[in-house]
Amino acid sequence: NFHHDDFRGLQEEVVNAVLQGRDALVMWGTGSGKSLVYQLPALATNSTVVVVSPLISLMQDQVSKINELVGREVAVFAGSMQADRAKVSEALQGKYLLIYVTPEFLDPQFPFDAGEDEPSTVLDKLRGLRDDGRLCAVAVDEAHCIEQWGHDFRTDYRGVVSRLRGYLGDVPLLALTASAKPRVRRDIAQVLKLRPDRLESIGTVKRPNLHLEVCQKTDSKRDRIKIVEFAAEAKRQGGHLIVYVQTINGVEKMLEKLQPLFKSYGLVGSKYHSELRHEDRNAALRGFQNGEVDVMIATIAFGMGIDKPNIRCIVHYGPPSKIATFYQQIGRAGRDGRIARCILLWSPSDFALYRWGSFVPPGQERKEIHFAELEAMHRYVEAGIDKCRQQMIGEEFEDSFDRCGVCDLCQARGDDVVDRDFTTEARLICQAVESFTLSPSRKKLLEHLRACHIGGKDKLADPHNWHCCQRLASGLRDPEILEGLLWPLHERGHLRRTFYENSINPSAKPFEVW
1 NFHHDDFRGL QEEVVNAVLQ GRDALVMWGT GSGKSLVYQL PALATNSTVV VVSPLISLMQ
61 DQVSKINELV GREVAVFAGS MQADRAKVSE ALQGKYLLIY VTPEFLDPQF PFDAGEDEPS
121 TVLDKLRGLR DDGRLCAVAV DEAHCIEQWG HDFRTDYRGV VSRLRGYLGD VPLLALTASA
181 KPRVRRDIAQ VLKLRPDRLE SIGTVKRPNL HLEVCQKTDS KRDRIKIVEF AAEAKRQGGH
241 LIVYVQTING VEKMLEKLQP LFKSYGLVGS KYHSELRHED RNAALRGFQN GEVDVMIATI
301 AFGMGIDKPN IRCIVHYGPP SKIATFYQQI GRAGRDGRIA RCILLWSPSD FALYRWGSFV
361 PPGQERKEIH FAELEAMHRY VEAGIDKCRQ QMIGEEFEDS FDRCGVCDLC QARGDDVVDR
421 DFTTEARLIC QAVESFTLSP SRKKLLEHLR ACHIGGKDKL ADPHNWHCCQ RLASGLRDPE
481 ILEGLLWPLH ERGHLRRTFY ENSINPSAKP FEVW
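Residue 1 is where the sequence shown starts when you use full-length UniProt numbering, and the numbers rise one by one after that.
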């Protein structure tokens, strides 16, 4: 049915576990064949597998593909008010091998009325299939959406799927995701009540065909020209580009500014975010999937479930708040196995955005996790050539492997690494910070250091410390190296970085000082 000579990777192990009646927790990278591990058991046993996912467009796409592949109607989408009610009723009687549903569809608060005297819930119907021996398994896709600290993607996902074990007893449950850290995987297992003998199949997060790069933003006009050049190159290679922007307002402004450049390069751009009308989001998605749209400017709302093989480049104009989200988004690129570029453009002020307002979750424990994940993302963008971008992502998921050799840090490192003593530069930076009466911003600190080097005068600096700074600066070989030393000094405890809220304007972003 699937036209493959053999299983790929760990597929056979998971399929066998399901056929033996065991639960499974699967974390494999995008494009690794997760869907086969629940589709094949349904066909092999001629019994029903229910697939729960928050991604309607992806489910509809999978239904079309599996029906076309098998050559008959074995799958049905039954997860929204738009679904064919007659087909839904047939599905809940076991007439389809694969039933794709949204989490809302399983909510016991919403009874399913199939014309019976006493309407029952969907979970009641599924329990009936189980009692008749016709329910093979339930697969919970994008399972990271249910974890306690959350991607906050679908708030009712957690509550609904937590009821599955109570309703369905020993029916095998599969949790599938491409991006769940060990803490998240433990939470998923707890919520779904996965049994102790479950199979945990954890693949590598390494994506050798993704070439990862990080650059600081320059000025917005030059950055936009870069983005259009990336898009033009992607199109020349027969592919497409996604630009992730931090906010909805940022998406709107970015597309407005890019449109004239798109026209001059013969490119078509579109936008996607949660405040667009449902029909506009669907139209944008269709345009991107069928190749009419070359560049999608989007928020985090566009990402999971985008199954397009020829995305040649992904640009982040500003970092996500956590590495798991970043990994999920770059996972859209290079699904055909060919090389794809993933470029993150950032500025220090981007991180301040995640320290205020709706970006900060309620509750002290959740806040601590949020800020810890934000710091890990900051370490990623500030990393030096002693690091590897792919390895840093792997560390977040407790996955270890050799340096990738192709990210910007590995390329900059080369084969010959020479040790160099930066004590003078480090002392200059620490002395410069001490010379301020009020802690300086990064921008002000760097201006101060440049002034020291060229022999200027900074009226905000303490005179004694100023002369010390000038003496240290006189011996500098490369003043441009100073900014690159700020983060290592912070990591080693020599400098402290703090964020302060604006007392004059509480609605403004916090600002960073050193």
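Cβ coordinates follow ideal geometry from the N, Cα and C atoms, glycine included.
- With respect to Glu398, Pro103 sits apart: the two C-beta atoms are not nearer than 8 angstroms.
- A straight-line Cα-Cα distance of about 17 angstroms links Thr30 and Val14.
- Phe2 sits exposed, since fewer than 16 C-beta atoms from the chains shown fall within 10 Å of its C-beta.
- Beta-carbon to beta-carbon, Val315 and Val268 are separated by about 17 angstroms, too far to satisfy the 8 angstroms threshold.
- With contacts defined as CB atoms closer than 8 angstroms, Asn310 and His370 fail to qualify as a contacting pair.
- Its chain contains Lys322, Ile323, Glu396 as the residues whose beta carbon lies nearer than 8 angstroms to that of Ala376, once the 5 sequence neighbours on both sides are disregarded; these appear in chain order.
- Two segments are said to touch when three or more pairs of C-beta atoms, one from each, lie closer than 8 angstroms; by this definition the region 196-208 does not touch the region 59-75.
- Within the DSSP bridge table, the entry for Glu213 names Ile343 as partners.
- Contact between the region 181-201 and the region 222-229 is absent: fewer than three C-beta pairs spanning the two stretches fall below 8 angstroms.
- By the Cβ rule, the region 282-292 does not count as touching the region 246-262, because fewer than three pairs are nearer than 8 angstroms.
- Rounded to whole angstroms, the separation of the alpha carbons of Arg341 and Glu213 is 8 angstroms.
- Residues of the same chain with a CB within less than 8 angstroms of the CB of Thr247, apart from the 5 flanking positions on each side, are Thr299, Leu353 in chain order.
- Annotation for Lys308: His240, Phe288, Gln289, Arg332, Arg335 place their beta carbon closer than 8 angstroms to its own, counting only its chain and skipping 5 residues before and after.
- For Gly269, the enclosing beta strand (DSSP E) has its first and last residue at 269-272.
- Counted as a single uninterrupted DSSP element, the stretch harbouring Ser47 is not any beta strand (DSSP E), since DSSP gives it neither H nor E.
- Here the alpha carbons of Leu98 and Asp23 stand approximately 18 angstroms from one another.
- With a 10 Å radius around the Cβ and a threshold of 16 neighbouring Cβ atoms, Glu275 comes out exposed.
- Boundaries for Phe105: no beta strand (DSSP E) harbours it, and the DSSP string shows neither H nor E there.
- In the DSSP annotation of this structure, the continuous segment of the beta strand (DSSP E) that includes Leu173 starts and ends at 173-177.
- The continuous stretches of alpha helix (DSSP H) do not include Phe359, and DSSP gives it neither H nor E.
- Secondary structure note for Cys136: it is in no alpha helix (DSSP H), and the uninterrupted beta strand (DSSP E) holding it is 135-140.
- The alpha carbon of Asp415 has as its nearest neighbour, out of Gly405, Thr424, Asp421, the alpha carbon of Gly405.
- Excluding its 5 nearest sequence neighbours in each direction, Gly357 has no C-beta neighbour in its own chain below 7 angstroms.
- For His316, the pairing in a beta bridge is given by DSSP as Tyr244, Leu344.
- Apart from sequence neighbours up to five positions away, the residues of its chain that approach Gly21 with a beta-carbon distance below 8 angstroms are Asp170, Pro172, ordered along the chain.
- Taking the Cα of Thr498 as reference, the smallest distance to any Cα among Arg492, Leu486, Glu512 is reached at Glu512.
- Within the same chain, Cβ atoms closer than 6 angstroms to the Cβ of Tyr167 are found at Leu123, Arg127, the five residues on either side in sequence being excluded.
- Residue environment for Gly133: exposed (fewer than 16 other C-beta atoms within 10 angstroms of its C-beta).
- Per DSSP, reduced to three states, the secondary structure at Tyr500 is strand.
- Pairing Val161 with Leu129 gives a Cβ-Cβ distance that is not under 8 angstroms.
- Counting along the chain, no beta strand (DSSP E) covers Leu129; the unbroken alpha helix (DSSP H) around it starts and ends at 122-131.
- Looking only at Ser270, Arg277, Ala189, the smallest Cα-Cα distance to Met296 is reached by Ser270.
- When DSSP states are grouped into helix, strand and coil, Val74 belongs to the coil group.
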